[in-house]
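First up is the structure itself, then whatever we jot down about it.
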Amino acid sequence: MEDFYIGSASVKFFLPIFRMTFPEIVDIALRPRGCFTICFVSIKKTYPMQAFKIMNGLGGMGQMMFTKYIIVVDDGVDVHNTSEVLFHLCANTDPERDSLFSRGPATSSTSYPE
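Position 114, counted from 1, in the sequence shown is what our numbering calls 114; the numbers after and before it change by one each time, with no gaps.
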């Protein structure tokens, strides 16, 4: 139960720090249904493939390295509305061009044995 409140508060605390490094970030939401390992990020996109920069940068910041999915959307999408994010993800994504799979640390309390 307390994980929900800690996870929700951590986004509010760290959003200004993320914006100092990545000024294009509009908002971030960590989804409690995914044990805070699913991250939705909205950005003000100014050039192609900018989402890859955000994904790689956030993936290397402290506890964010335990995030399993980082989904980056345009600034007009409300990242706190899962249905809206998934709609835009499915409607505007070319999986071959827009997906990036990367290996990272698997030493998280939310990691499942393979």
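Beta carbons are placed, not taken as given, at the ideal position from N, Cα and C, and that holds for glycine.
Which residues does DSSP pair with residue i in a beta bridge?
{"i": "PHE72", "result": "Inspection of the sequence shows that residue 72 is occupied by Val rather than by Phe. Paired residues: VAL41."}
{"i": "ALA29", "result": "PHE40"}
What's the C-alpha gap between residue i and residue j?
{"i": "GLY62", "j": "TYR47", "result": "26 Å"}
{"i": "GLU96", "j": "MET20", "result": "31 Å"}
{"i": "SER8", "j": "ASP78", "result": "16 Å"}
{"i": "CYS115", "j": "THR82", "result": "Look at the range of the chain in this structure, 1 to 114, and you will see that residue 115 is not part of it."}
{"i": "PHE40", "j": "PRO23", "result": "16 Å"}
Using a Cβ-Cβ cut-off of 8 Å (strictly less than) and excluding sequence neighbours within five positions of residue i, which residues of its own chain qualify?
{"i": "PHE18", "result": "ILE25, ILE28, LEU58, MET61"}
{"i": "THR93", "result": "SER99"}
When the Cα of residue i is compared with those of the options, which residue comes out closest?
{"i": "PHE36", "options": "HIS80, PHE52, THR21", "result": "HIS80"}
{"i": "VAL72", "options": "ALA51, SER83, LEU86", "result": "ALA51"}
{"i": "VAL11", "options": "PHE22, LEU89, LEU30", "result": "LEU30"}
{"i": "PHE66", "options": "PRO23, PHE22, SER102, ASP75", "result": "SER102"}
{"i": "LYS45", "options": "CYS39, LYS53, ILE38", "result": "LYS53"}
So, for residue i: in the same chain, excluding its five sequence neighbours on each side, which residues have a beta-carbon less than 7 Å away from its beta-carbon?
{"i": "LEU15", "result": "ILE28"}
{"i": "MET55", "result": "ILE70, VAL72, LEU100"}
Can you check whether the C-beta of residue i is within less than 8 Å of a C-beta belonging to chain B?
{"i": "TYR47", "result": "The displayed structure is made up of one protein chain only, and chain B is not part of it."}
Below 6 Å CB to CB, which residues in the same chain sit around residue i once its five sequence neighbours on both sides are set aside?
{"i": "LYS68", "result": "THR37"}
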